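Protein chains in written order, with our numbering: chain A, 2 to 472; chain B, 72 to 902. Only one structure is covered here, and it is reproduced in the block below.
Structure (C-alpha cells):
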C-alpha cells in the first residue's frame, strides 16, 4: 500500500525520522557525523528527479501588484483607446476587486524603449533592470485565480488562494534538502511591513515545520534569539556550553543507543556556530564600496531593498536554496489611485537594486546557477480606478525570469491588445511553480507528501511546465 | 488553460491510431468510464451531466464541450485533478471529428461504487471485541503486551527507579516536574500502593486538566484568533479552553464530552457548559473579508467535516471531498452526508451564559437599557445613514452575485441558504457610527458628539455586561440543501444528499428528530448520538488510542486520526479493543483509563535499552521498554517557571501574552500587547494567547502546531533554533537567574549543598559524584572568568535577589550553572 505513495513518511517512525539525524536548520553537519541516519534526516540533500538547471532561487516579490502595462507590456492600443470603455471585442471582467469594470481605459504615461540585442521593451520606470533583458525570459501571459491581495499573495507562494498549504520554498526544501551547513535553506526578507497573510506565505503548511521559511529580520541579528543577552560574554557562554555537554554526556552514559540525545548535544554546538555564521551572512560591512553602490545602498530611496538584494547574493553564496525578497511588503505596489506616485516610488526602490543584483550575480559567475524570478501576486487593470490608479488584474500580467537556465532575450505569451487578459500561451501560477521546481530539478508531479490520506503536491491539481523558458 | 502543444497528427501517430479508425467502444468508452463517470453518471450527475445517458453524451460530443473541457479551453479543465494524456485527448478529438458514432447499445457502464470484501471486513469497522481475560494475570494490559513480546522472544524491562517513575508520572499527568516535597514523600513510602497513591494524587490535581486539556486543544485546532490577514481576536473563545480543562478535571464521561462539543445546544439546552462546549465547532479559521460568502461557508464546512472525521472517527475524510476514497471505503457521498449535519450552523458570538433568575434579571436590564437609549441610537443611525449607504453601495459590488442577492432579498423572504450568506456578509458592510464621524460636519457633527457622549454615559450605567460565549448554533429549524460538490468546489453542485454516516456502517439516511421547543434542526444531535453509541466501533477505539499516545508518545495505532488502510495498523489490536471495551464499561471515564494504563508494568518499566531487543524491535512497537521522549515546548516552559519559583498557578480567563524575543515584528495585525503584570505573564503555557499568525516563538521552536487544522500528534524535532532559544532567550536567562536566587537564598547551605539543592529542584535527585566534580570545576573556572569581566567593568547577570554578602562573580557563575541545568536533556525529557 505505502509503496504506492511516493515520498510517504511512515508516521510511526516520524519521530525517529527527525531525531536520529538530529537535524533541523543544519541537518547535514549532523548527518555526516551520523552516517547511519543520513537517509532519515529530513534536511539531508536528496537527489533531484532530473539534472537541475538552477541551484538557488531569488524570488523578487513586488507585493501589491505591479502594473504590467506600465512596465513590461506596452500597449499602443491602450493609448488610442484612452478614456474609452473596454471594447466589446475584449469584454468587461465579470467581477473586479472594487467594482471598476465600467471604468474607462487609461493609457500608460510611461515612455518605452527597446533594450539589448533582443530589443525587448521596458518602460522608463525600470531602465536599469532593462539593461539585462538579454538574460531575461519575460512571460507576458501570466494569470491567477484570486481577486484580493491576501488570497493572491498566498497563491503566488503556496498555489492556493486559501492559507494552509506549504509555500514553494518549503516544497523545495522538502524535495531537495538543504545545501548549507549552518543557515536556513529558505529565507524571507521584507522591506517594509509584513506581507499580507504574514507567516502563512512562508509556512510549511502540512509539511513538517523544519521546511518552513525563516524570516530574516533587518539588522545584525537576523534570527530570533541569535545572540545572548547583554551580560554574557563569549568565553562565558562557551564555558557554560562545556558544562552542559558534560552533564548531557553523563546522563546519556547508559542511553548510548538514543541518537536523539546525541543530536541534541550537537545541536548546541551548531547553534553556537550559527551565532557567528548567521551574523556573518548578513554583515554587509564586508562588501566593497563599489558593490554597495552597485546595489544602491548609497541612495536612501532604494537602500533598504538594495541591502536585501545584496544579502540575497551573500546567502546564495552560502548555499541558501530559496530566498524570497518582498518589495513594498504589506501591499506597497497596490496603486488603486495615484499610480504615478506609487509606482514611481516602488520602481525607484527596486530598479537599481535588481539591476545591481543581476550584474553582481553575473560577474561572480553565480547567475547561471541562480534563478531570479520577478513578479507580483497579479498585475493591474488597463482601465482606471479613481481616475489615476489601476485595479487588480489577475487575468493577465507579467513575470520574468533570469539566470538559472532561463533563456535570455525572449518573450513567452502575450496579453490581448489592451493588456487585460492572457491571450497566447496563458501561464497560470501553477505553471510558474511547476517550472521553477523543474528548473531546480524537481518534477512537480513527483514531489508529493501524504497528508490526511491524500498525496499532496505543490501544484494542487494542475500545473504544467513552461519549457520555452529554458528550452 | 493547457492547449496541446503538439500537432494532432503527431499525437495520433504517437497513439498508434490511424485517422478515422477510432472506435467508441474500444477506444473512447474506457477513457470516459475510468476518467469521467465517477462524477458524470446517473449516480452523481455533476453539472447535470450523465455520460451514461446517450443523449447527454451526444450533446457534449456534438457541441464541442467534451473536447474543450478535456483540453482546458473551457475552464475548469476535466477531469478535475488529473489531465488526460495527449493520446487520450487525441482519441476523443478524432472520435468527435469522425462524427461521434456510438457503436454499442449502451454508452458506458455507470460505476456504481461497490465495497470490496476486504473493505467490509476491515477490522476498524467491526464491533470492538473485548479479549477474554488472560487467566492468572494480575494486569490485563500487561498480559496482552506480554503475549506480543513473547512471540518475539522479548521481555519487558524491569521497573524504573522511583525517582524516574515519579518524574515521568508527574510530567505526564500534570506537565510539571515533582516538587522536592513530593519526591521526599514518595521515596519515604515503602507501601506496595505508593505509586498508586501518586497516580491518584496527580489525577486529582487541577494541573491534570491543564496538561491533558492542552492535548485536546491541539485536536480542536483551538486558537484565540480568526487567522488569515486580519487575524481578529475571538474575545470570548477562551471559555472553551477553560471548559476543556474543567471537563478533564471533572472526569467528564467522554461520551458526554463528545455530545456537548458536537451538539451541546441541542442535547443539553439548559446547560451553560454545554453551550460553551459547542465552541469546538467555532474554531475554524475564517477569512472575514472574503467577498464570496459561498466560498467562505464551504471552507468552514470543509474544515468541520475533516476535523470531526479525524478527531472523533479516526478517518481521513478529506480524500473523499473530490472523489470516492481511493483506499478506504469512504464514498464521496459520505463526505457530504457527514457535512450535511453541519449545513445549518452559523457562528453565535454573543451566547449569553446566564439562566433562570440571572437570565431574567439580565433581560429586564437589557430591556431597560434599550428603552433608555433607543431614541439616541435611532437618531445616530439616521445621522450616519447617508454615509453608511454610500459605503454599502461602494462595497456591495465586491460581493459575489449570490451574496448580493442574498443581502438584497428582504430577510423574511430569504431561503435558509441566503440567510446564512447574508448573516456572514452583512458585517462587511455594517460599520460602527464612529466610522462615519469624520464625514459629519457642523451641526450634524456637534449633534453626533452630543449623542455619543450621552449614549456612552447611559451604557456605563445601564448596559448589562453578561458573560458571553463564542459558539455555533443552527440557523433555525430548516437547513439549506447539501450537494455533492465536484472537486469540492461550491460552484460544482451534483446530487443532493441528506445527513448520513459512513455508508459501509449505515447506508441509510440518518434519522433526525428536531428537539422539542428549540429552533434547531437536531442534525448535530443525531450525529452526536451515533458517535457516542456504545456500539459505535470507532469512537472509543480512537479515544483510548489518544490517551495511550499521551502516555507512550505513540499510539497503538500510530496515526491517531487515521485508522484507515493508509494509516498505520495497530501494533496490538487485542490491547486496543481491551482498552476500548473497558473504557465504555467504565462509563467512558478517562481518569480510570489513565489509572489502568499507569499502573501497568508496561508504563512503570525502565527506558533502558538492550541490544537483543533493539535488534528484534528497533522502534519499540511492542513496548519492551518505556519510550523516552522530549517534553513539549509548553512543558519545558512550565517546568522552567516552576523550578525557578515563578510559576503563577492561577487558572482560567482570557489568554495571556508573555514577552516576545527581541526582533519579532509584532505590529499591525500581528500585534501582541505584552502583559504589564509579570505575574500574569508567568502563568501556565496553556493560557498563552494562541494567535494564528504569530505562534508564540518558544512554542513554535519546539514544534507547537499552528492551529490551522486539527493536530493529532506533534512532530518532535531537534533543531538549532531550540538550542538558540535555550541558550539566548531573555526569559530563559531570567528563569535561570531566579532559580539561582532561589537556591542561594536558602540559608545555611555550603557550596556543595547548593549544587545538590539546585539538582533536587530541577531534576528531583541529588547529583552523582561525577556531576558534583563537573559542576564544581565549572563554578571555579566560570567565577574566574566573570571576575575578570567585573574587573573590566563589564555587565554580568546576577542571581535574582542575590544575598548581599555573596561574591558577584560566584553569583553570576551560579546563574550559568542553573542555566545549564535547565537546558540539560534530562530536564527536557520524559524518561
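Every residue gets a Cβ at the ideal spot worked out from N, C-alpha and C, and that includes glycine. Remember, predicted model here, so these are calculated numbers, not experimental data.
The residues 638, 639, in chain order, have a CB closer than 6 Å to that of residue 630/B in the same chain once the five nearest residues on each side in sequence are set aside.
Taking C-beta atoms as the reference points, residue 412/B and residue 595/B count as a pair closer than 9 Å.
For a Cβ distance threshold of 7 Å, residue set 454 of chain A lies close to residue 633/B, ordered along the chain.
Neighbours of residue 732/B across chain A, judged by C-beta separation under 8 Å: 225, 226. The residue among 295/A, 214/A, 444/A, 71/A with its C-alpha nearest the C-alpha of residue 60/A is 214/A.
Residues of the same chain with a CB within less than 6 Å of the CB of residue 306/A, apart from the 5 flanking positions on each side, are 192, 328, 350, 351, 354 in chain order. Of 411/A, 417/A, 374/A, the smallest CA-CA separation from residue 383/A is found for 417/A. When C-beta distances to chain B are compared with 7 Å, every residue of the region 72 to 96 of chain A stays at or above that value. Counting only runs that start and end inside the region 297 to 328 of chain B, the alpha helix (DSSP H) elements of at least 4 residues fall at 309 to 320. In this structure, DSSP gives residue 830/B a helical state, which the three-state scheme calls helix.
DSSP, reduced to helix, strand and coil, places residue 656/B within a helical segment of the structure shown. Remark: C-beta atoms of residue 591/B and residue 599/B do not approach each other more closely than 9 Å.
With a beta-carbon spacing of about 5 Å, residue 455/A and residue 390/B fall inside the 8 Å limit used to define contacts. Flagged as an interface residue toward chain A: residue 699/B, by a C-beta distance shorter than 9 Å. Rounded to the nearest whole angstrom, the C-alpha separation of residue 751/B and residue 290/B is 26 Å. Nearest in C-alpha terms to residue 418/B, of all of 319/B, 248/B, 547/B, is 547/B.
Per DSSP, residue 545/B lies in no alpha helix (DSSP H) segment; the continuous beta strand (DSSP E) that holds it begins and ends at 539 to 545. Unbroken alpha helix (DSSP H) runs of no fewer than 4 residues, entirely contained in the region 546 to 599 of chain B, are not found. Distance from the CA of residue 95/A to the CA of residue 148/A, rounded to the nearest whole angstrom, comes to 11 Å. Neighbours of residue 796/B in chain A, taken as residues whose beta carbon is under 7 Å from its own, are 226 in chain order. Between the region 90 to 107 of chain A and the region 438 to 449 of chain A, the count of Cβ pairs shorter than 8 Å is below three; the stretches do not touch. Here the alpha carbon of residue 555/B sits roughly 56 Å from the alpha carbon of residue 229/B. Within the region 258 to 288 of chain A, 258, 259, 261, 262, 264, 265, 268, 269, 271, 272, 275 place their CB atoms closer than 7 Å to a CB of chain B, listed in sequence order. Scanning 105/A, 129/A, 77/A, 153/A for the CA closest to the CA of residue 63/A turns up 153/A.
Residue-level contact by beta carbon fails for residue 616/B and chain A, as no gap is shorter than 9 Å.
Here residue 175/B has 95, 96, 100 as same chain residues with Cβ atoms under 8 Å from its own Cβ, once five neighbours each way along the sequence are excluded.
Nearest CB-CB separation between residue 685/B and chain A: below the 9 Å threshold.
In the three-state reduction of the DSSP assignment, residue 322/A falls in the coil class. Counted as a single uninterrupted DSSP element, the stretch harbouring residue 251/B is not any beta strand (DSSP E) but the alpha helix (DSSP H) occupying residues 251 to 259.
Judged by DSSP secondary structure, residue 173/B falls outside any beta strand (DSSP E); it is assigned neither H nor E. In this model, residue 502/B and residue 457/A are separated by some 41 Å (Cα to Cα).
Taken atom to atom, the span from the alpha-carbon of residue 189/A to that of residue 469/A is near 28 Å.
Every alpha helix (DSSP H) of 4 residues or more that sits fully in the region 65 to 114 of chain A is shown, in chain order, as 77 to 81. Within the DSSP bridge table, the entry for residue 450/A names 457/A as partners. Contact note: residue 229/A reaches chain B through 798, 799, 804, using a C-beta cutoff of 9 Å and chain order. A Cβ-Cβ separation of about 7 Å places residue 217/B in contact with residue 227/B under the 8 Å criterion.
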